[in-house]
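Here the sequence shown is numbered in UniProt numbering, starting from 1 and rising by one per residue.
All residues carry an ideal CB built from backbone N, CA and C; glycine is no exception.
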Amino acid sequence: MTAYSSLLSPIHGVAHGFGDKASLMPEVLQAWQTTLPDKKQVHGTDIGWVSRPGEALGELDGVVTDVPGILLTVLTADCLPVLFCRRDGRRIGAVHAGWRGLLAGILGQFAATLNAAGDSPSRWVAAIGPAAGPCCYEVSQTLVEEFTQRLPFPAALISPRPRYLDLAAIARQQLLTLGFSAVDALGHCTLCHPAPAPEQGMRYTSFRRNSQQRERDPTHPTISGRNQHSGLIILPDHGAV
């Protein structure tokens, strides 16, 4: 069952959704798959403007458009998918943000991209989708210290318990600090959030959970080709800026 953001759902003329293991591409977006830009995510900070369906963008981790009828998505399997929409529904964006991207400033780069286009984050809202949660995302103490030293946020927000990171809380605080008018977070952990039916196991594809399974059983299949899409589109009958 596709998940949705309470901030994005009321915006007229925009459809969105967060995929899961049962439906990697949200059902509401499947009709526009052929319009997806051609890009490769590399845990970087580059943001690309999309001006036509299927546009070749190369290596980048964020996209933005004001053209109706072009689907924007990011692929994730524990990293944060962050969907953006201007409150009037005239521009949209999507960012792939793992711990590397958060430390490197990809969310700030997205805000800078809007500013350079004469826009302002204050006119936008953001929705953070399923990702590794603070319940399960255990990392090295060295990485926790790098976050606490480099980001001007309370240590308890970054790491609510020893050696665990709260990526969604970090991203939300960054976005609010950058001036986005509102931010919500789905709150689903890709490692442990259950599927609607118990016999289906976990709801989301998880790189970390898959790696743990493969350590126990090398014959366990990889997640190759099974990352979930999170995305949104300005519907074709909703005029451009």
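Judged by DSSP secondary structure, Phe84 falls within the beta strand (DSSP E) whose first and last residues are Leu80 to Arg86. Here Met202 is bridged, per DSSP, to Pro194. Counting only runs that start and end inside the region 54-137, the alpha helix (DSSP H) elements of at least 4 residues fall at 99-104 and 106-116.
Rounded to the nearest whole angstrom, the C-alpha separation of Thr65 and Arg226 is 26 Å. In this structure, the straight-line span from the alpha carbon of Ser230 to that of Phe207 is close to 16 Å. Non-local beta-carbon contacts of Phe180 in its own chain, meaning distances under 6 Å to residues more than five positions away in sequence, involve Pro121, Trp124 and Ala126 in chain order.
Judged by DSSP secondary structure, Gln174 falls outside any beta strand (DSSP E) and instead within the alpha helix (DSSP H) spanning Leu167 to Leu178. Taking all protein chains in view, the Cβ of Gly62 is crowded by 16 or more other Cβ atoms within 10 Å, so the residue is classified as buried. Non-local C-beta neighbours of Asn210 in its own chain, meaning closer than 7 Å and more than five positions away in sequence, comprise Thr222 and Ile223, ordered along the chain. Counting only runs that start and end inside the region 2-54, the beta strand (DSSP E) elements of at least 3 residues fall at 14-18, 38-40 and 47-49.
DSSP, read as helix, strand or coil, puts Ser211 in helix.
Under DSSP, Asp184 takes part in a beta bridge, and its partners are Ala127.
Beta-carbon to beta-carbon, Val82 and Ala197 are separated by about 29 Å, too far to satisfy the 8 Å threshold.
Annotated three-state conformation of Leu235 is coil, per DSSP. About 14 Å separates the beta carbon of Gln149 from that of Leu102, a gap too long to meet the 8 Å contact definition. Counting the other Cβ atoms within 10 Å of the Cβ of Gln200 gives fewer than 16, which makes it exposed. Counting along the chain, no alpha helix (DSSP H) covers Ile223, and no H or E run does either. Boundaries of the alpha helix (DSSP H) around Val144: Gln141 to Arg150.
Look at Arg163 here: in three-state DSSP terms it is coil, with no helix or strand label. In this structure Gln141 is exposed. Its beta-carbon is surrounded by fewer than 16 other beta-carbon atoms within 10 angstroms.
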